[in-house]
Each structure stands twice: as structure tokens, then as C-alpha cells.
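Reading through the C-alpha cells given below for one structure.
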Amino acid sequence: MSSLSLPRVLQQRKTSLEQERENFEKTQGVSISKAINQVENPVKEKHVRSAILGTFHEKCAETFWAVVLRLPLQENRIAAWKFCHVLHKVLREGHPQSIPDSFRHVSKIEDLGKLWGHLRDCYGKLIQEYCNLLAVKINFHRRNPRIPGNLILSSNELDAIGDNDVNNYFQLCVEMFDYMDEILTLQKSIFGSLDMSRSNSMTSCGQCRLAPLIPMIQDSSQLYDCCVKLLFRLHASLPPDLLAGHRARFLAQFKILRNFYMSASILQYFKTLIQIPSLPENPPNFLIQSDFGTYVTPVVILPPEEELVPEPAESLDLVDLVSSPPMSNGNTSPDILAERDSLIEHLQNELSRYRTEMAAMMNEHQRILRELNETINALEGQLATKNSELLEERHLKEDLILQAETAVKNHESEKKAEEEKFQKLKDFYTKLREEHIALIRQKADVDKQLLTIKSQELDATEKAKLEELAQELATLQASADAATEQNQALESRLDFVIKEKCQKESEVQDLLSQKEDLDVRIQMMSKELRDRLEFLKMQTDKVIRESHDIVKKAVHEVDNPAFTSATCSIDYFTSLAEGLDACLINLQDKVTLENIIRLAHRTAEFVLFGKATSNTSPDIEFGERMGSKCKEVGEECIKVLSDCKVDAPVSVTLMKKSISDLVEMIASLQSSLQASSVPVGDLVESELAAMDKAIEEAAKKIEEMLTHSRKEDSGIKLEVNEKILDSCTGLMQAIKILIQKSRILQAEIVAQGKGTASIKEFYARNHQWTEGLISAAKAVAMGATYLLEAADEVVSGGGGKIEMVIAAVHGISASTAQLVAASKVKAKYGSSSLYELTNASKGVTQATAGVLTTAKACVQLVEQSDDFDVSDLTPYNVKRLEMEAQVKVIELENSLAKERLRLAALRRQHYAMAPEADQLSEV
């Protein structure tokens, strides 16, 4: 016990669980660090698999995030890109708790994307879009916790998540559309960032960008399947008009997703890693429920895990870009030339693709514009018809109301008059009736008196009185009959008045019912008019949003690196400015949907072609300022569109000023190009003629030197001179053939490209290519002159060395290679003249190799003839000569170092005096 040290006794031992935890964290740190490294190659599956298994081991992703946050994600773009890929795999295949553990890190992911989004290269944009995709995925699972990270759901599980509620299905479908949009945006950027001449699918850098497409294919196939099932459910419960927006969005995504799968399936890299599903040519028809019975779920198949380990990235490199020989000696490697040709061809293909896409986009926009104009005209026509109908109905209602009121008033007055008349007739009838009754009673009294008189014997006086009474009785009887007839007439008139009163009351009731019907109809037409106005307002907002998106996309494309190869003539761009000014004037006069759409299209076209025109500027800074001014025009247009309201004034002063500034910059560019291009068209012919003359004179001079050497020299000197001059003669003949083929190809290029312009105008318009051609011609002429001088000094015995001939041959080889590259840069693929030029270039290469071989043989021949005989030297002389030789070697080494510095300075000066070489390489 005494031998045990006190610190060792007091040290607390770790438990087995703590030791296991420490080992686990260490292993996870190593695996995650190896997966998210800074080497531009695809993430190795075994390291990602180790990180995924780690989440299941600890049933969360805390260790994963603890390790990741210590990595240099903000310092290295490759590490940030691989982090996005690994996190995507962990969210998909890791423990279910990995997604909730990532909720609090969403802001860090978004900040990382914004940080790298400021980097103006392909990885910066890709990282920003990938971070947006990951944030959308995490938020999607936060809102829908019952959906797993791999998005694999059965039909029953999908029903359970939606709780058989149409509103839940509707909202879930919208969220899945948003998720799919982020995937399709990122895949488009990945394919757009690939340079097929450098980073194809079988190179490490290409595979590094393409590897994340595998989890995106898995996510998109599941999202597509869920969207199809949800849309069939929605169409079974809701009217089709309500789901028109869902259908349009699905159809747009279907086309892009199908092209995505087709583009990925043809890449060799994915052949052994994933079996990509194929979508049908036509999307499902959701309006026909029976189509769901023929729907087939797309299935993504991955190989077994042991096959997921890719081969080392070094074995997949098809092009060795690192081992290419340096260009310090002035030679151009065939690999570099081939790479340059492929790059040029790729840029031309990209330019053609962008032009095709731009034409398609313009056609699509024109089609949408026509459809919207037709819809607007139809709606305006319907609105005008409804307004006229409503106006007629209002006038009819007013007339009917007026007639009803008049009829009611007339009826009331007539009714009052009839009642008064009826009351008078009634009173008169009552009076007549009373009189008639009184007369009847009086008649009865008379009859009684008459009977009494008849029963008695009346005297003459009484008889007279009786006759008088009889006469009075007859009169009273006639009056009673007249009163009875008059009473009957009054009764019939009273019946007629009562019937007329009932008829008037019925007419009044009919008018009141018509008034109520008109009120209901007017309310319905007012509601329909409000609905029409609301729909027109929605269409207006939609048009303005679409116009915003068109201009924003054009502004975004200005910063696209792939767009720097596009060019546009200044005259065409100036014509676009006139059309845009006319659109602004029309919009300022009257804000209509047609003027808004036309302004958006013209502005987008103006911005894109303005950027293409700026690419022709030889001053890079001036071109960048023009690009910034193009973006400013687009941003001012967006502000104008934001202020647009139908039939309301709008201010376009700032946008007009931006357009005017850009047009002034274009005018300045045109004047500078004209000033610099005037001598170019005249200079190219003179330089080419000077090159031909220099080659002819060099060949003729070499023939003269060979004839003179055969007369004057003999022995080894004659043999050396003949070999050198013969090989130089062969080289000159090969160069003459090359120049002839180059001229034929140049004539073909000019004939194809100049159109109705002259040859000098073609040279001026393509000044960068022309300057490269002039530089190449000068280099060939100078190389031939220098070769002639070197050969003359060697043959004439003027102190020249064979090494001068070797250096001259190297220089003329580089200059002819430059001439070939300048001639081929605008040649049409598959041209017979291009094929002949390539063969002539091979002839020059063979002749150059022959001169070099001959020169080296001559050097050995001279050295063998100058063998130093040391057999008769004394030890002192040997030592002295040895010291002299060492001194000579030191002097030569010093001289060699000085000459190398001098050569470097001359090359720097040559590059400074010939910037067209750099411009040619950029083309």
C-alpha cells in the first residue's frame, strides 16, 4: 500500500456507462467529421450510416448536433454543402427524435444559407437553397408530427392524419406543394451548376454536387404519391372549380418532376446507387375518379447497404486536371486545348439552351398574356352587358313603381268617387223606395175607398171624385213603375261598380307582386355584380403578382454566372428601350391589366438583354456597372407594379431615369467599341498577309542557306547543317499548309456569321475573336523570323547554337497552336474545314517533333566530334583544367539563372502587351 501514489488513490474511476458514453461520443465525432470534410468528393455512405446508427443508439440527435456545430461550416463551402447532405439523411433515416431535436436549430440553418448566399459562385447559391429546403422540411414535420421523416405513408395512415376532414386534406396538400417546390428548385440549380467539361457525373466534384439528389428523389416520390391520393380525395368531396388552383400547381410540378427523373436516370453515377422511378407521360385526371384505379405508386429502389460504398474518388476521375504539364515554356498542351474546346462547346450549348429557354418563356408569357386578355375582354363584355341589363331593369322597376303608384292613386280616387256616387244612389234609392211604399199604401187606401163607394150608390159628385182618384191612382202607378225601373238600373250599376272595384284591387295586387319580384331580381343582380367585381379584383392581383415574379426572375438571372456567356447587339437593345418607353407612357395614361402585363414582359426582356449587351464590354468594371443598372431598372419596375391600381394614376419618373441612364451607358459602350473596332477589321488582313510573307521569306531563305552550305561546308558541319535545314524546311511546309487550312476555315466562319454585313463589319462585331486571330498571326510571323535567324547563325557559323533552333521551334509550336485555337473557336461542329485544320495541326506537331529530334541528334553529333583527349595531360594540367571547368560551370549556372529571370520578365511583358490572349481563353 505504501508504494501506491496518493493522486492515483484519490483519482475517481469512471464507471462502465461513462466509459461507454465517452467512446460513443468519440466514435461519433470521428465519423461525422469524416463525413463532413472539406474535400470535394461525395459523402461516404459508411460515415453517414454511422451517424444515423448513433441517433438510434442514444435515441436522439443531441450528439450529432453537438459535433456538427463545432465544424467549420461558415469557413468552408464544401463542408457546409456536405453538412446539408448529411443532415438531410439523418432527418430521413435517423431516429424519429432527430426531427424534434432539430427544431431549435432551424434559425442556424437559415443563417448558414443566408451567409453562403452572398458568395457569388455555384456552391453559394446551392447551399442557400439546400438550407431553405431543410428548414422547410423541419417546419413541415413540426406542423405534421405524425408524418415520419422518410415520408412513407400508407393510405390508412394518410386518412388517419387527415382525420377524414376535407379542410385538413386541403391544407396538407398545400404544404406538400410548398415542400415539393423547394426540392424542384434545388435540383434545377444543381443541374444548372454542372460544367460538363470539368464536373460531370463521373468526376469527384460532379459527384459531390449530385450526391444529395438521392434523398431528394426519395422525398419527391413520396410527396408526389401523397399529393395524388389527397387530390383524388378532395375531388371526391369538393366541386372541381374550388380545386382549380391545386390542379394547376400539381400539373406544373408534374412536368418539372418528370424531367428531373429523366435527367437523373441518364447519369452514370446513379446507375448503381438508386433505381429512379419513371412517371407516366400524362398526369392523372382528377376529374375522373376511375383514373385512381389505374394509378401506380412510384417506387424508389436502393441497392443493399454493402453496395452503397462508392469507389475511391481518385479511381473515378476521367480527366486528370492536376497532372497537366505547365505552360511555362510557351507550349500549349493538347489536353488543355481539348479542354478549352470542350469548354467553348459547352458554353455555346449553354448559350443555345438559354436562348431556347428564353424563347420558350417568352412564348409562354405571350400565351398567358393572350389568355388573360381574352379573359379580361370577356369579363369586361359580360360586365358591360350586366350593367346595361341592370340599368334597364332599374328603369323598368322605376317605371313599374311609378305606374303602380299612379294606378293606386287613381284607384283610390276612383274608389272614393264610386263610393260617393254609390252613397248618393243608395240614398236616392231609399227615398224612392219610401215614396213607393207610401204610394202603395195610398193606393190601397184608394182601393178601399173605391170599394166602399162602389158598394154604395154614389152620386154624380162622388163619381167625379172617384174618377179623379182613379186618374191619380194611374199616375201614382206609373210613377211607381218608373221608380222600380230606375231602382233596377241603379242596382245593375252598383254591381258593375263593385266588379270594377274588385278588378282594380286585383291589378294593384299584381303590381305589388311584380314590384317584389323586381326587388329580388335586383338584389340577385347586385350580388352577381359584386361577385364579378371581386373576381376581377382577384384577377388583377394575380396579374400584378405574376408580373412581379416575371421581373424578379429577370433581375435574379442578372447575377447568374452561366448568363455571362450570352451577348446581344447594341442596336437591338436600343430598339427594346423605345418599346419600354412606349409601355411606360401607356401605363401612365391608363393603368389596365394589359398595360401592366406588357410592362412586365418588356422590362424583363430589357433587363436580360441589357445584361447580355453588357457582356460585350471589354471593360469588365464598366460591364458590371451596366449589369447593376439593369437590376436597378428591374427593381424600379417592381416598385411601379406595386403601386399599380386599375384606373388610378402611377408615377414612372424614377424608372424612366434608370432607363435613360442605362441607354446613355450603352451609347458610351457603342462609341468605345466603334473607336476600338475601326482598325481591327483593317488590321486583321494586313497581319495575316504579313504572316504569309514572313513564312514565305523564311522558307525561301532556308532553301538559300541549304544551297550555300552544300557549296561551302563539308564533313560533320555539312551533315549538321543539312539535317537542321531539311527539318526546318519540312516545318515551314507544314506551317504553310496549316495557314492555308486556317484561311479556308476562317472564310467559312465569316461566310456563316456575317449575314448581310461585310467582312470588316464581321471582324469589328466579333472584335475579341479578331484580336485573338491578329495576336496569333503576329506570333506565327515572329516565330518564323526567329527560327530563320537562329538557323542562319547556326549554319553560317556566326556563333549560333543548336539550342537556339530548339527554342525557336518551341516558340513557333506555341504560336501555331494559338493560331489553331483562334481559328477553331467559332467553327461549326462537324465542319470538314475544321477536320482538315485539325489534321494540318497534327502535321505541324509532327514536323516540330522532327526538328527537335534532329536538333538533339545534331547536338550529340557535335559533342562526339569535340571529345576532349586527356591522355597526354600532366596531373597539374588536369587539376588546372578541372578548376577551370568548375569555374565555367558556375558561370554558366549563374548565367542560366539570370536568363531564366530575363525570360520570365519577357513573358510577363508579352502577356501585358497581348491581353487578347486572355480574352481568347475567356471565349
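According to full-length UniProt numbering, the sequence shown is numbered sequentially starting from 1.
Where a beta carbon is used, it is the ideal one built from N, C-alpha and C, also for glycine.
Every value quoted in this text rests on a predicted model; they were computed, and no experiment measured them.
Practice task
Can you say whether residue 262 is buried or exposed, counting buried as having 16 or more other CB atoms within 10 angstroms of its CB?
Solution key: By the 10 Å Cβ count, residue 262 comes out exposed.
Handout entry: Same chain, Cβ closer than 7 Å to residue 236, neighbours up to 5 away in sequence not counted
Key = Scanning its chain for C-beta atoms nearer than 7 Å, with the 5 sequence neighbours on each side dropped, one finds around residue 236 the residues 289, in chain order.
Handout entry: Cβ shell of residue 308 (< 6 Å), same chain only, five flanking positions each side left out
Key = For residue 308, the predicted structure reports a pLDDT of 37, less than 50, and the residue's modelled location is therefore unreliable. A value from the coordinates is still provided. Excluding positions up to five away in sequence, the list reads 45.
Handout entry: residue 275, DSSP secondary structure in three states
Key = strand
Handout entry: Bridge-paired residues (DSSP) for residue 32
Key = Bridge partners of residue 32: none, in fact.
Exercise for the section: Determine the DSSP secondary structure at residue 301, reduced to helix, strand or coil. Expected result: strand
Handout entry: Residue nearest to residue 607 in terms of C-alpha spacing, selected from 356, 626, 595
Key = 626
Handout entry: DSSP three-state assignment for residue 114, whether helix, strand or coil
Key = Residue state, collapsed to three classes: helix.
Exercise for the section: State the Cα-Cα distance for the pair residue 60 and residue 184, rounded to the nearest angstrom. Expected result: 30 Å
Handout entry: Buried/exposed call for residue 830, threshold 16 Cβ in 10 Å
Key = exposed
Exercise for the section: State the CB to CB distance for the pair residue 138 and residue 103, rounded to an integer number of angstroms; the pair is presumed to be in contact (CB under 8 Å). Expected result: 7 Å
Handout entry: Distance between residue 245 and residue 541 (C-alpha atoms, nearest Å)
Key = Distance between the alpha carbons of residue 541 and residue 245: 15 Å.
Practice task
Taking only the alpha-carbon atoms, compute the straight-line gap between residue 433 and residue 418 and give it to the nearest angstrom.
Solution key: Looking at the two C-alpha atoms, the distance is approximately 22 Å.
Problem - Cβ-based neighbour list, residue 76, same chain, cut-off 6 Å, excluding 5 preceding and 5 following - result: 38
Exercise for the section: Work out the CA separation of residue 552 and residue 638 for me, nearest whole Å. Expected result: 8 Å
Exercise for the section: Buried or exposed for residue 63, please, with buried defined as at least 16 other CB atoms from any protein chain shown within 10 angstroms of its CB. Expected result: Its Cβ being crowded by 16 or more others within 10 Å, residue 63 is buried.
Exercise for the section: Report the rounded CA-to-CA distance for residue 356 versus residue 109, giving the unit in angstroms. Expected result: 36 Å
Practice task
Within 10 angstroms of the Cβ of residue 301, are there 16 or more other Cβ atoms? Answer buried if so, exposed if not.
Solution key: exposed
Exercise for the section: Could you check if residue 660 is buried or exposed, using at least 16 other CB atoms within 10 Å of its CB as the buried criterion? Expected result: Classification of residue 660: exposed, given that the 10 Å Cβ count is below 16.
Problem - Element boundaries [alpha helix (DSSP H), containing residue 168] - result: Its alpha helix (DSSP H) spans residues 166-193.
Handout entry: Between the CA atoms of residue 496 and residue 413 - distance to the nearest angstrom
Key = 17 Å
Problem - Stretch pair the segment 519-532 + the segment 562-581: three plus CB contacts closer than 8 Å - result: no
Handout entry: Backbone secondary structure at residue 95 - three-state DSSP
Key = Assignment of residue 95 by DSSP, reduced to helix, strand and coil, places it in the coil class.
Exercise for the section: Could you tell me the distance, in whole angstroms, from the CA atom of residue 880 to the CA atom of residue 840? Expected result: 54 Å
Handout entry: Limits of the unbroken alpha helix (DSSP H) element including residue 150
Key = Secondary structure note for residue 150: it is in no alpha helix (DSSP H), with a DSSP letter that is neither H nor E.
Exercise for the section: Could you work out which residue in 205, 219, 128, 157 is closest to residue 189 when comparing CA atoms only? Expected result: 128
Practice task
Determine the direct distance from the alpha carbon of residue 84 to that of residue 134, and round the result to whole angstroms.
Solution key: Rounded to the nearest angstrom, the two C-alpha atoms are 8 Å apart.
Problem - As assigned by DSSP and simplified to three states, the class of residue 867 - result: Because the pLDDT at residue 867 is just 49, under 50, the model does not fix this residue reliably, and the value given afterwards should be weighed accordingly. Shown here, residue 867 sits in coil according to DSSP, grouped into three states, outside any helix or strand.
Exercise for the section: Measure the C-alpha to C-alpha separation of residue 506 and residue 390 and round it to an integer number of angstroms. Expected result: 28 Å
Practice task
Quick one: give me the first and last residue of the alpha helix (DSSP H) that residue 634 is part of.
Solution key: 620-642
Practice task
Put residue 282 into one of helix, strand or coil per three-state DSSP.
Solution key: DSSP places residue 282 in coil when its eight states are reduced to three.
Practice task
Name the two residues that bound the continuous alpha helix (DSSP H) containing residue 830.
Solution key: Neither: residue 830 is in no alpha helix (DSSP H) and is coded neither H nor E.
Handout entry: Short Cβ contact (8 Å threshold) for residue 653 with residue 633
Key = no
Handout entry: residue 402 to residue 361 span [Cα, whole Å]
Key = 60 Å
Exercise for the section: Please say whether residue 93 and residue 52 have beta carbons closer to each other than 8 Å? Expected result: yes
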